[in-house]
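Residue numbers (this note's numbering): 980 to 1190.
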């Protein structure tokens, strides 16, 4: 044996949800075909975050895409935003204090086409990191933004929110899609799956504290 070599076997990983097999979340997947297409831009720090909801969202929305990065190549990002010929709309609040960070105000949101002609762009990151992603990617600043209306309280009991009204990536995306498509309850089963995911994370945390 070579001294200093780590001989501990690596934990088996699920190739679908990219989590350890023992904490796989694939059984929570509740696929719902959305009319609008969804592009999830995920900050690298979220990829291995056990509390993150973006991977479950991706499993629940057939045809959704995930791209990982903080500063994206402009040509590659432009292709992702315009490659399908849809109207890209950024799911992000218009916060006036962003101006002090050098983030340009968003253009007015146009009258949107039919949902099947919309690309919903979602940033999966903490509040601070999402603002940095916006700052580093002028193409995202140039997108019209979709404001959410009348959303219920968050079910995200495992992660501290920046503000009381903040939602998980999965919740915000589902409510945005329901708003775009005019079907308030279309994604209820995805929210129910999220509740199961949250309960699983809570149980794992309690088991870890007890051991």
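Using N, Cα and C, we set each Cβ at its ideal position, and we do this for glycine too.
Counting only runs of 4+ residues, the alpha helix (DSSP H) found wholly inside the stretch 998-1082 occupies 1033-1039 and 1053-1061, in chain order. In this structure, residue 1127 sits near residue 1151, with a CB-CB distance shorter than 8 angstroms. Looking at the backbone, the Cα of residue 1014 and that of residue 1164 are separated by about 14 angstroms. For residue 1103 and residue 1133, the gap between their C-alpha atoms comes out near 16 angstroms. Just so you know, the alpha carbons of residue 1043 and residue 1099 end up roughly 10 angstroms apart.
When DSSP states are grouped into helix, strand and coil, residue 1122 belongs to the coil group. Contact between residue 995 and residue 1183 does not hold, since the beta-carbon distance rounds to 19 angstroms and is not under 8 angstroms. The stretch 1079-1097 makes no contact with the stretch 1035-1050; the number of CB pairs closer than 8 angstroms stays below 3.
When the five nearest sequence neighbours on each side are left out, the beta carbons in the same chain lying within less than 6 angstroms of the beta carbon of residue 1146 are those of 1133, in order along the chain. Contact annotation: the stretch 1108-1125 touches the stretch 1069-1088, with at least three C-beta pairs closer than 8 angstroms.
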